[in-house]
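Participant:
Next up, the structure:
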């Protein structure tokens, strides 16, 4: 089992230290937060491949963390000996007797544990060529990967070849289905692994015999006779057709799996994805996979199919480690919020990092709200649905887009729960604005207590001025004026007090009326400030 | 506490390699076995014999030379943080003087153990392994014991330097170690190291006896020869008289076959060609500089483990003197002569014109 993943300089991650749960890890994060990168890194270090293909030809300058690569490009202009960036990915495995041969301390944490390490770094054999390349440093605009090599070692310091590994993993990417000659690499690999050695050998032999017999077919013979007559004038040799019986192990290439009589490639995408996932999870496959990586299982699946798939994933994955990325609150809720791994700007957080009462709170809360916090670029926390609508209006009239379209989610929570959300948001380095009512006629202190512990460059709280009243409604009377509100509501309250009394009982009505109001409504300053903060 | 580990003192032709192969194959396939010896050729021979018995080398059995084992399982796993991550690039086989290495101090770990290309000096390999084990709190030995439950070691008489300590640590690590060797065949040395020189070669039986006393191993003897006939056993034993080599026992011949030309013979130089023509013996020489009489000669130091029906030995001057007057031989010459003699099943010919006080019969055409 993969217990810890340490990444240096790979794509988004200058440094990532990810401690994994032995059973299930649900990685959730905004687009471009690095979810796929993590799965790719695991596939590379455990499986020695990327996207099913060998790693070395795939290496690209974009793999290197931008800041580190840029640093090198700058440094090398003035210093020929500027260190070249290198990528390392390390998989720390659980210390079990069967993995003893992979054990050692050849890892960046110098831990005595079994593991694998991949290093993409400058190959000193190219030093002469590199020195020549350096003669004009102004040409160096990216990492010179032409002089790089990929090396994979176990922690004992032995080179590891891709094929025979003591640990294995399968990455199932349900979002894109790469189809090559009927069955894609994963499918062929997974199908192949389900067949025992002798079944495979017999398949290979049968196909070869079949091909060889083909040569004796009258049609084939006739074709060859025709070729023999038309002798090529240039060379005196004879051209003859013959079925290719040389390749020993490629029976999969000419064979395609069928599901209920339909070629796999023709089955619906959702079914294909589900089939691949379930095949990979099968406990009887040989060799057994230790880690299974599933990218967005919800793709291409209807709600009811997803429901069945998740049930099956839960049943079948016992004893195997699952790493799943998802955008679906349904997947999250079904598999358990406590296994959630939150990927944010400050690295990867776990629910387990939170205080236990906060963990408990989110365990009970619908996964949907949790996900909203996780997936948004920035969050505004408000105290109720009417506040939510009003803040939305304020945002829309100022920036001409809905906040969600700009990655800003306005989440309405009970004021007591601010603390929970802030704890969760903090582990991910989210930008969060808190908007809250005053609970006191004389000072902001009481309201500010709800968030002051968390305030920093990423988190700030906003409360109305003491003179303009306790609630958002009374603040609005001050900023927009009674006349405008009367017009929006289709009412005609003669005094601010009467309007305030009415609004206290009809918050939602006001909020909806304001949302529909065609013109600009002057908003209280603290609302405007909050919106500007998350922008 | 009785130990599972064993030391086996074997005579030439007793089938000690066979004993190792059979024992290793008898280990349950769920347990992993290492079979190792000092030379590449010895490793190949063991691999050939295992494959000859069961078709191929079983998955649970690893057969690699001792240096390969030490690099992979002794030096590399815990080279970090001693040297750094994946730094060791291989072995430097040169035996350099301290001056050639620049008189490095022991605490300059990198310079002391490795050359500029990060190759470990062969002579310091086992010392480096001990150093890694010490600095990792015994993790090297712990890992070895997890990877290999059984270790069979052939030609233990060739051990030298700090290997003795390594073995002692392995014996205490929980690995079942079986060391097999013939103290009389110490013709090869793993390092040029002076450390523990008193223990090497023929003195190996003294070391094994000490280990037995400490309860680390039990010592057994395989003192019979399936190969050599009684006369050849007797000549072999005479090179290591028991009064000088306690711990060795008389070799009992288990080859009763007669061919019409059996035992030890002195051959006149002038009759060598005729002798070769008549009996087709394997000619054994000290080195390739010797006269090979137009026959395919082999070096005495390189025929360990091999069997020939007949051998013809071309002695060096010291060996001639030994036969003529009983003068002393160096340990190396003594061992090589022992190996040469005990290759033969039926007859040993010695090319010697003046016999001196030697009582061996002379061959007459």
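Residue numbers (this note's numbering), protein chains in the order written: chain V, 70 to 604; chain E, 217 to 581.
Every residue gets a Cβ at the ideal spot worked out from N, C-alpha and C, and that includes glycine.
Measure the Cβ-Cβ separation of residue 466 of chain E and residue 453 of chain E and say whether it is below 7 Å.
Facilitator: In this structure, residue 453 of chain E lies closer than 7 Å to residue 466 of chain E by Cβ.
Participant: Kindly say whether residue 272 of chain E, judged by its beta-carbon, lies nearer than 7 Å to any beta-carbon of chain V.
Facilitator: Cβ-Cβ to chain V under 7 Å: no for residue 272 of chain E.
Participant: Per DSSP, what are the beta-bridge partners of residue 279 of chain E in this structure?
Facilitator: BP columns for residue 279 of chain E point to E/251.
Participant: Run down chain E in chain order and give the residues with a C-beta less than 8 Å from the C-beta of residue 166 of chain V.
Facilitator: Under the 8 Å cutoff, chain E gives 362.
Participant: Would you please verify whether the beta carbon of residue 294 of chain E is less than 7 Å from any beta carbon of chain V?
Facilitator: Answer yes: the Cβ-Cβ gap between residue 294 of chain E and chain V drops below 7 Å somewhere.
Participant: For chain E, check one thing: does any of its Cβ atoms lie closer than 7 Å to the Cβ of residue 73 of chain V?
Facilitator: No, residue 73 of chain V lies away from the interface with chain E (no Cβ there is under 7 Å from its Cβ).
Participant: Are the beta-carbon atoms belonging to residue 455 of chain E and residue 554 of chain E less than 7 Å from one another?
Facilitator: A contact, by the Cβ cut-off of 7 Å.
Participant: Less than 8 Å between the CB atoms is what I'm expecting for residue 479 of chain V and residue 451 of chain V, so what's the real figure, rounded?
Facilitator: Sure, about 6 Å apart at Cβ, within 8 Å.
Participant: Under 8 Å: do the stretch 548–558 of chain V and the stretch 223–232 of chain E share three or more Cβ pairs, one atom per stretch?
Facilitator: No: the two stretches stay apart, fewer than three of their Cβ pairs being nearer than 8 Å.
Participant: Alpha carbon to alpha carbon, what distance is there between residue 554 of chain V and residue 531 of chain V?
Facilitator: If you take the alpha carbons of residue 531 of chain V and residue 554 of chain V, they lie about 23 Å apart.
Participant: Please name the residue, chosen from V/214, V/84, V/510, that lies closest to residue 622 of chain V on a Cα-to-Cα basis.
Facilitator: Residue 622 of chain V is absent from the model: chain V starts at 70 and stops at 604.
Participant: Can you tell me whether residue 370 of chain V is helix, strand or coil according to DSSP?
Facilitator: Residue 370 of chain V falls in the coil class under three-state DSSP.
Participant: Do we get a CB-CB distance below 7 Å when we pair residue 179 of chain E with the residues of chain V?
Facilitator: One cannot answer for residue 179 of chain E here, as it falls past the ends of chain E, which runs 217 to 581.
Participant: State the DSSP-derived secondary structure class of residue 394 of chain V, mapped to helix, strand or coil.
Facilitator: Strand.
Participant: Indicate the three-state DSSP secondary structure (helix, strand or coil) for residue 242 of chain V in the structure shown.
Facilitator: Of the three classes helix, strand and coil, the one that applies to residue 242 of chain V here is strand, per DSSP.
Participant: From residue 236 of chain E to residue 400 of chain E, what does the alpha carbon distance come to, in whole angstroms?
Facilitator: Taking the straight line joining both Cα atoms gives about 19 Å.
Participant: Going by beta-carbon coordinates alone, are residue 603 of chain V and residue 449 of chain V separated by less than 7 Å?
Facilitator: Taking 7 Å as the Cβ cut-off, residue 603 of chain V and residue 449 of chain V qualify as a contacting pair.
Participant: To the nearest angstrom, how far is it from the Cα of residue 286 of chain E to the Cα of residue 398 of chain E?
Facilitator: About 23 Å.
Participant: Between the C-alpha atoms of residue 411 of chain V and residue 301 of chain E, what's the straight-line distance to the nearest angstrom?
Facilitator: About 31 Å.
Participant: Can you tell me whether residue 396 of chain E is buried or exposed, with buried defined as 16 or more other CB within 10 angstroms of its CB?
Facilitator: By the neighbour-count rule (16 or more Cβ atoms within 10 Å), residue 396 of chain E is buried.
Participant: Based on the DSSP output, what are the partners of residue 394 of chain E in its beta bridges?
Facilitator: Residue 394 of chain E pairs with E/222, E/368.
Participant: Can you pull out the residues from the stretch 345–370 of chain E whose beta carbon lies closer than 8 Å to at least one beta carbon of chain V?
Facilitator: Listed by position, the residues of the stretch 345–370 of chain E near chain V (Cβ gap below 8 Å) are 352, 355, 359, 362, 363.
Participant: Using 8 Å for Cβ pairs, my map puts residue 381 of chain V next to residue 347 of chain V. What's the rounded Cβ distance?
Facilitator: Rounded, the Cβ-Cβ distance is 6 Å, consistent with contact.
Participant: Please report whether the beta-carbon of residue 232 of chain V lies at a distance below 7 Å from any beta-carbon of chain E.
Facilitator: For residue 232 of chain V, the predicted model reports a pLDDT of 49, less than 50, meaning its position is unreliable; a value from the coordinates is still stated below. Taking Cβ atoms only, chain E never reaches closer than 7 Å to residue 232 of chain V, which makes this a no.
Participant: Please work out which residues of its chain come closer than 7 Å, Cβ to Cβ, to residue 242 of chain V, disregarding the five sequence neighbours upstream and downstream, and give them in chain order.
Facilitator: 364, listed in sequence order.
Participant: Within 7 Å of any Cβ in chain E, is that where the Cβ of residue 160 of chain V sits?
Facilitator: With 7 Å as the cut-off, residue 160 of chain V does not count as an interface residue toward chain E.
Participant: For residue 430 of chain E, list the residues DSSP reports as bridge partners.
Facilitator: Its beta-bridge partners do not exist; DSSP assigns none.
Participant: Per DSSP, residue 93 of chain V is paired with what?
Facilitator: In DSSP, residue 93 of chain V forms a bridge with V/391.
Participant: Going by DSSP, what residues sit across from residue 77 of chain V in a beta bridge?
Facilitator: DSSP, once it has assigned bridges, lists V/84, V/157 as partnering residue 77 of chain V.
Participant: Measure from the alpha carbon of residue 466 of chain V to the alpha carbon of each residue in V/592, V/208, V/360, then state which is nearest.
Facilitator: Out of V/592, V/208, V/360, V/592 has the C-alpha closest to the C-alpha of residue 466 of chain V.
Participant: Between the Cα of residue 377 of chain E and the Cα atoms of E/365, E/389, E/341, which residue gives the shortest distance?
Facilitator: Selected option, being the one with the closest Cα: E/341.
Participant: Grab me the residues of residue 366 of chain E's own chain with a C-beta within less than 6 Å of its C-beta, minus the 5 sequence neighbours each way, in chain order.
Facilitator: Within the same chain, residue 366 of chain E has close Cβ partners 243, 249, 392.
Participant: Check the Cβ of residue 302 of chain E against every Cβ in chain V and list those closer than 7 Å, keeping chain order.
Facilitator: What residue 302 of chain E touches in chain V: 175, 222, 226.
Participant: Rounding to the nearest angstrom, what Cα-Cα distance links residue 286 of chain V and residue 295 of chain V in this structure?
Facilitator: Approximately 14 Å, taken between the alpha carbons.
Participant: Can you find a CB in chain V that lies within less than 7 Å of the CB of residue 297 of chain E?
Facilitator: Yes - at least one Cβ of chain V is within 7 Å of the one on residue 297 of chain E.
Participant: In the stretch 462–490 of chain V, which residue ranges form an unbroken beta strand (DSSP E) of at least 3 residues, counting only runs that do not cross its ends?
Facilitator: Those beta strand (DSSP E) runs which fall completely within the stretch 462–490 of chain V and span 3+ residues are 477–481.
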